[in-house]
Amino acid sequence: MKMIKNIYQFYYQGFKNMTVGKKLWAIIAIKLIIMFLILKIFFFPNFLKSNFKTDEDRGNYVIKQLTQ
Amino acid sequence: MEHIDFSLVDWSRAQFALTALYHWLFVPLTLGLSFIIAFMETQYVRTGNPEWKRITKFWMTLFGVNFAIGVATGIILEFEFGTNWSNYSWFVGDIFGAPLAIEGIMAFFLESTFIAVMFFGWNKVSKKFHLLSTWLVAIGSNLSALWILVANAWMQYPAGMKFNPDTARNEMVNFWDVLFSPVALNKFFHTVTSSYVLSAVFVIGVSAWFLLKNKEQLFAKKSIIVASIFGLVTSFLIIITGDGSAKNMAKYQPMKFAAMENLYTGRQNAPLAVIGLLQKDKTDTILDKQNISLKIEIPSLLSIMAFQDANAYVPGIHDLVNGNAEHNILSYKERSDKGKIAITSLAEYKNAKKTGNDSIANAALTKLNENYPHFGYGYYANRNVNELIPNIPLTFYSFRIMVGLGFHFIALFLVVWILAKKDKLEKKRFILYTALWSIPLAYIASELGWVVTEVGRQPWVIQDILPTIAAVSQIKSTSVQITFWLFFVIFTGLLIAEIKIMLSQIKKGPETELIENEIRIN
Numbered sequence: 001m002k003m004i005k006n007i008y009q010f011y012y013q014g015f016k017n018m019t020v021g022k023k024l025w026a027i028i029a030i031k032l033i034i035m036f037l038i039l040k041i042f043f044f045p046n047f048l049k050s051n052f053k054t055d056e057d058r059g060n061y062v063i064k065q066l067t068q
Numbered sequence: 069m070e071h072i073d074f075s076l077v078d079w080s081r082a083q084f085a086l087t088a089l090y091h092w093l094f095v096p097l098t099l100g101l102s103f104i105i106a107f108m109e110t111q112y113v114r115t116g117n118p119e120w121k122r123i124t125k126f127w128m129t130l131f132g133v134n135f136a137i138g139v140a141t142g143i144i145l146e147f148e149f150g151t152n153w154s155n156y157s158w159f160v161g162d163i164f165g166a167p168l169a170i171e172g173i174m175a176f177f178l179e180s181t182f183i184a185v186m187f188f189g190w191n192k193v194s195k196k197f198h199l200l201s202t203w204l205v206a207i208g209s210n211l212s213a214l215w216i217l218v219a220n221a222w223m224q225y226p227a228g229m230k231f232n233p234d235t236a237r238n239e240m241v242n243f244w245d246v247l248f249s250p251v252a253l254n255k256f257f258h259t260v261t262s263s264y265v266l267s268a269v270f271v272i273g274v275s276a277w278f279l280l281k282n283k284e285q286l287f288a289k290k291s292i293i294v295a296s297i298f299g300l301v302t303s304f305l306i307i308i309t310g311d312g313s314a315k316n317m318a319k320y321q322p323m324k325f326a327a328m329e330n331l332y333t334g335r336q337n338a339p340l341a342v343i344g345l346l347q348k349d350k351t352d353t354i355l356d357k358q359n360i361s362l363k364i365e366i367p368s369l370l371s372i373m374a375f376q377d378a379n380a381y382v383p384g385i386h387d388l389v390n391g392n393a394e395h396n397i398l399s400y401k402e403r404s405d406k407g408k409i410a411i412t413s414l415a416e417y418k419n420a421k422k423t424g425n426d427s428i429a430n431a432a433l434t435k436l437n438e439n440y441p442h443f444g445y446g447y448y449a450n451r452n453v454n455e456l457i458p459n460i461p462l463t464f465y466s467f468r469i470m471v472g473l474g475f476h477f478i479a480l481f482l483v484v485w486i487l488a489k490k491d492k493l494e495k496k497r498f499i500l501y502t503a504l505w506s507i508p509l510a511y512i513a514s515e516l517g518w519v520v521t522e523v524g525r526q527p528w529v530i531q532d533i534l535p536t537i538a539a540v541s542q543i544k545s546t547s548v549q550i551t552f553w554l555f556f557v558i559f560t561g562l563l564i565a566e567i568k569i570m571l572s573q574i575k576k577g578p579e580t581e582l583i584e585n586e587i588r589i590n
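Those protein sequences? They're chains A and B, same order as listed.
Per our numbering, the very first residue in the first sequence carries number 1; after that it's consecutive.
Per our numbering, the very first residue in the second sequence carries number 69; after that it's consecutive.
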């Protein structure tokens, strides 16, 4: 329990005392939100997963694409 | 593959190139600066001199800025695999899955855990444990790069896999063949050592700025000495690994090698053109041939570079297009015929399996396996042969600029190291300005390395097996264009943020309070 408290304090104090780091964390957060909640969902669906239900269908589609 | 939307292929390639080049603006500094910081902190722990701690903390802050802005920019490439390159993504099967999964796990545990200790642990953990964490961050970030580069190397030299015609996926049969392929090992060491050189130039350039401003002279000189030694050692490693790259290229990607050298007619004692000017040859009506003028050549060096033998025959583009029986080189026509048989056999196999005709399926499978090494050439039967030749001016010039800059950096490391040791560097303003302006040159050299690698291997996504025209998803090219510009805006924004934060941290300089406190304590 004491170890968990120490680890918590380590990170808490670390984040609390950051200077430039706060700005960087804000950039990281904004970047991850844009990437995963906007780009991935609205602009980058997985083509095969969203168009075919099973791996067999996906494999057959790719073979058709490669051999037509 | 009768109707190819070249707009879709080109935009998908352009988007991947854009995101990869932007991603690579952030990666090399992380790989190299982490080791430079580890060396500096080692000096601090070894000597107990608080000035080394101050130096370490300053460069650690710049490392943190670069790491934070660059982190996760590579994930975009994975998004693109699934959306724009779904045929490729499916086709490579688990070959990419295993290295990328290992990379993700290692990056998370090694980097994220020990980066926290590195930044938050000063005066909270022991000096030695802090130093160990810094070293583990450096090793962890470099090992993360290993797995990505293994995946890239597999595309240049597919090894350790077997194609499964039932699923249309390449399956890994020997992990160690993938990991320890000659291309993978050399690619890893060449890429990371080039990153070390970039980082050394970065540290020297920033330190030169302090000397030009008459600020923080001791800090700047100590930083320059560490970075110049690091740069010199890694520059010699880069020459060795660069030589390894040339040998691998000549052996496994001869078209890339010939394109990089603008070598049309193969020959023994092939010379290397150190510099030259390319001009389109209007007399050749078949190939988009370039002539080279104003060239300076070193006799036989290309043969030595490729095969360690001055008399060795280096095949040219004509040999690779028309074939050369004497040197056992198949022509483009022979390979595309074999590739066509492989593609047709795959279709026959699938149809026979569907109808339950095992004898036809087995016969088709035998033909497929026999011709599989030429599979990708099948897409070029009856097409313009120039589609099989990479962009020669881009690979030719990129290679020469990269190598030229590499030698410029070696000279820079040597000069600044000698002047810093003699305590004369602060008076040599021309050298200091050269060092400062070498920072963007290091990034240019690093990016051009990737241009040679990736443009030079066109049209292949997987060497000889899968070309870009067969690898793309059948989506609208307009949607790729939209995301291209979206990424352009996002990445440019990140780059501007990085440069602004970096500059403000550099202008602040190393912390002054720290050393006063340390001196009081000591």
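Virtual Cβ for every residue (Gly too), placed ideally from N, Cα, C.
Because the structure is a prediction, the values reported are computed rather than measured.
Cβ pair residue i, residue j closer than 7 Å
i, j, result
"ILE216 of chain B", "GLU146 of chain B", "no"
"LEU204 of chain B", "PHE182 of chain B", "yes"
"MET240 of chain B", "MET223 of chain B", "no"
"ALA341 of chain B", "LYS363 of chain B", "yes"
"VAL77 of chain B", "THR536 of chain B", "yes"
"SER291 of chain B", "ASN254 of chain B", "no"
"VAL603 of chain B", "TYR400 of chain B", "Residue numbering for chain B in the displayed model covers 69 to 590; residue 603 of chain B lies beyond these limits and cannot be assessed."
"ASN439 of chain B", "ALA420 of chain B", "no"
"ALA136 of chain B", "ALA276 of chain B", "no"
"SER249 of chain B", "TYR225 of chain B", "yes"
"ARG237 of chain B", "GLY150 of chain B", "no"
"GLY299 of chain B", "PHE131 of chain B", "no"
"THR141 of chain B", "PHE94 of chain B", "yes"
"ASN337 of chain B", "PHE464 of chain B", "no"
"ASN242 of chain B", "LEU99 of chain B", "no"
"SER466 of chain B", "LEU398 of chain B", "no"
"PHE52 of chain A", "TYR61 of chain A", "yes"
"ALA510 of chain B", "LEU266 of chain B", "yes"
"SER296 of chain B", "TRP485 of chain B", "yes"
"ALA227 of chain B", "ASP245 of chain B", "yes"
Contact set between residue i and chain A, taken where Cβ atoms lie within less than 9 Å
i, result
"GLY132 of chain B", "VAL20, GLY21 and LEU24"
"GLY577 of chain B", "Per Cβ cutoff of 9 Å: no residues; GLY577 of chain B is ~13 Å from chain A at best."
"LEU86 of chain B", "Within chain A, no residue comes near LEU86 of chain B; the closest Cβ sits about 14 Å away, beyond 9 Å."
Limits of the alpha helix (DSSP H) - the one that residue i falls within
i, result
"GLN83 of chain B", "74-115"
"LYS348 of chain B", "Counting along the chain, LYS348 of chain B falls outside any alpha helix (DSSP H), though it belongs to the beta strand (DSSP E) covering 340-348."
"PHE325 of chain B", "322-328"
"MET1 of chain A", "Where MET1 of chain A is concerned, there is no enclosing alpha helix (DSSP H), given that its DSSP letter is neither H nor E."
"ALA503 of chain B", "497-524"
"SER572 of chain B", "545-576"
"ASP162 of chain B", "162-174"
"ASP352 of chain B", "Taken as a continuous stretch (DSSP letters only), ASP352 of chain B belongs to no alpha helix (DSSP H), as it is neither H nor E."
"ILE533 of chain B", "Segment: none, ILE533 of chain B is in no alpha helix (DSSP H) and carries neither H nor E."
"LEU487 of chain B", "460-489"
"GLY132 of chain B", "118-138"
"HIS198 of chain B", "195-224"
Beta strand (DSSP E) segment containing residue i, residue limits
i, result
"VAL529 of chain B", "528-530"
"GLU239 of chain B", "237-240"
"LYS230 of chain B", "229-232"
Cβ-Cβ separation, residue j to residue i (assumed contact under 8 Å), whole Å
i, j, result
"PHE378 of chain B", "ILE372 of chain B", "With the sequence shown as reference, residue 378 of chain B is identified as Ala, and Phe is not the correct amino acid for it. Indeed, because the Cβ distance is near 6 Å, the residues count as touching under 8 Å."
"ARG525 of chain B", "GLN321 of chain B", "6 Å"
"SER541 of chain B", "SER154 of chain B", "4 Å"
"ILE360 of chain B", "GLY344 of chain B", "4 Å"
"MET470 of chain B", "ALA513 of chain B", "5 Å"
"LYS289 of chain B", "ALA488 of chain B", "5 Å"
"ASN316 of chain B", "VAL260 of chain B", "Not quite, the Cβ-Cβ distance comes to about 16 Å (not below 8 Å), so this is no contact."
"LEU97 of chain B", "ASN134 of chain B", "5 Å"
"PRO527 of chain B", "LEU462 of chain B", "Actually they do not touch by this definition, with Cβ atoms about 14 Å apart."
"ALA206 of chain B", "ALA106 of chain B", "5 Å"
Chain B contact residues for residue i, given Cβ-Cβ distances below 7 Å
i, result
"THR67 of chain A", "ILE411, LEU414 and ALA415"
"ILE28 of chain A", "ALA136 and VAL139"
"ILE63 of chain A", "ALA236, LEU414 and LYS418"
"ILE34 of chain A", "ILE558"
Chain-ordered neighbours of residue i on chain A, where CB pairs are closer than 7 Å
i, result
"GLN526 of chain B", "Those do not exist, as GLN526 of chain B stays about 19 Å from chain A at its closest Cβ, beyond 7 Å."
"SER541 of chain B", "PHE47"
Residues that residue i contacts on chain B, provided the C-beta gap is smaller than 8 Å
i, result
"LYS40 of chain A", "PHE147"
"MET1 of chain A", "Near MET1 of chain A there are no residues of chain B at all, since even the closest Cβ is about 19 Å away, more than 8 Å."
Neighbouring residues, chain A, relative to residue i (Cβ below 8 Å)
i, result
"GLN573 of chain B", "VAL20"
Handout entry: beta strand (DSSP E) segments (min. 3 residues) lying fully within the segment 367-410 of chain B
Key = List check, beta strand (DSSP E) in window: nothing returned.
Exercise for the section: Return the chain-ordered ranges of every alpha helix (DSSP H) run that is complete within the segment 28-57 of chain A and spans a minimum of 4 residues. Expected result: Whole alpha helix (DSSP H) segments, 4+ residues: 47-51.
Practice task
Note down, in chain order, all residues in the segment 150-172 of chain B with a beta-carbon under 7 Å from any beta-carbon belonging to chain E.
Solution key: No chain E is part of this structure, whose protein chains are labelled A and B.
Exercise for the section: Jot down the residue ranges of each uninterrupted alpha helix (DSSP H) in the segment 275-337 of chain B, minimum 4 residues, whole runs only, in chain order. Expected result: DSSP assignment within the segment 275-337 of chain B yields the following whole alpha helix (DSSP H) runs of 4 residues or more, N-terminal first: 285-320 and 322-328.
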